[in-house]
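When you read off a place in the sequence shown, starting at 1, and then add 35, the result is the number in this note's numbering. Quick reminder that beta carbons are idealized off the backbone N, C-alpha and C, glycines included. Here's the structure we're looking at; comments come further down.
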Amino acid sequence: MAGTMTTAGILAATAVLAAGLAVAGAAASLSQRLAAAADAGALAAADAASGAAGGIPCERAREVAAEFGAVVEACDLDELIATVTVSLRVGPLSAHASARAGPPP
Numbered sequence: 036m037a038g039t040m041t042t043a044g045i046l047a048a049t050a051v052l053a054a055g056l057a058v059a060g061a062a063a064s065l066s067q068r069l070a071a072a073a074d075a076g077a078l079a080a081a082d083a084a085s086g087a088a089g090g091i092p093c094e095r096a097r098e099v100a101a102e103f104g105a106v107v108e109a110c111d112l113d114e115l116i117a118t119v120t121v122s123l124r125v126g127p128l129s130a131h132a133s134a135r136a137g138p139p140p
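Here it is in structure tokens:
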């Protein structure tokens, strides 16, 4: 009987640990996807602002972020430097990321 209880306890602890690691892995993956959306949006906006690519800078940022499933919350241009903030809603939570792109100083 003691062996059965020990085995059940070990299995329960393993299940809880596995679930926790799965949630942490999903959060890390979401974080990387959101950062990539912000980076790509900022680069697209900066390219459009500099004339290297066609289009209106903030519209280009919205198009690129949408490909990642993100929404542009803010898009600011300071000459050729674009700062883009994106968000992604996951269930009841919302995550945000920002990126900046432009010519080197």
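From residue i to residue j, what does the alpha carbon distance come to, in whole angstroms?
i, j, result
"V106", "T39", "51 Å"
"A80", "A132", "16 Å"
"V119", "A70", "11 Å"
"T41", "L52", "16 Å"
"G137", "E114", "9 Å"
"A43", "A134", "48 Å"
"A48", "E102", "39 Å"
"P139", "A100", "23 Å"
"S122", "A72", "9 Å"
"V125", "G55", "17 Å"
"G89", "A75", "15 Å"
"G104", "A62", "15 Å"
"A87", "A117", "14 Å"
"P127", "A50", "24 Å"
State the start and end residues of the unbroken alpha helix (DSSP H) segment that holds residue i.
i, result
"A88", "Segment: none, A88 is in no alpha helix (DSSP H) and carries neither H nor E."
Could you tell me whether the Cβ of residue i comes closer than 7 Å to any Cβ of chain D?
i, result
"I45", "Of the protein chains in this structure there is only one, and it is not chain D."
What is the residue span of the beta strand (DSSP E) that residue i lies within?
i, result
"E108", "V106 to D113"
Considering only residues of the same chain and omitting the five flanking positions on each side of residue i, which have a CB-CB separation below 6 Å?
i, result
"A109", "T120"
"S85", "L115"
"S129", "S122"
"A59", "none"
So, at 7 Å on beta carbons, what are the nonlocal neighbours of residue i in its own chain, with the 5 sequence-adjacent residues on each side left out?
i, result
"I91", "A83"
"L78", "A136"
- request: Determine, using beta-carbon pairs with one atom in the region 63-70 and one in the region 89-97, whether at least three such pairs fall under 8 Å.
  value: With a cut-off of 8 Å, the region 89-97 and the region 63-70 do not count as touching, because too few Cβ pairs lie within range.
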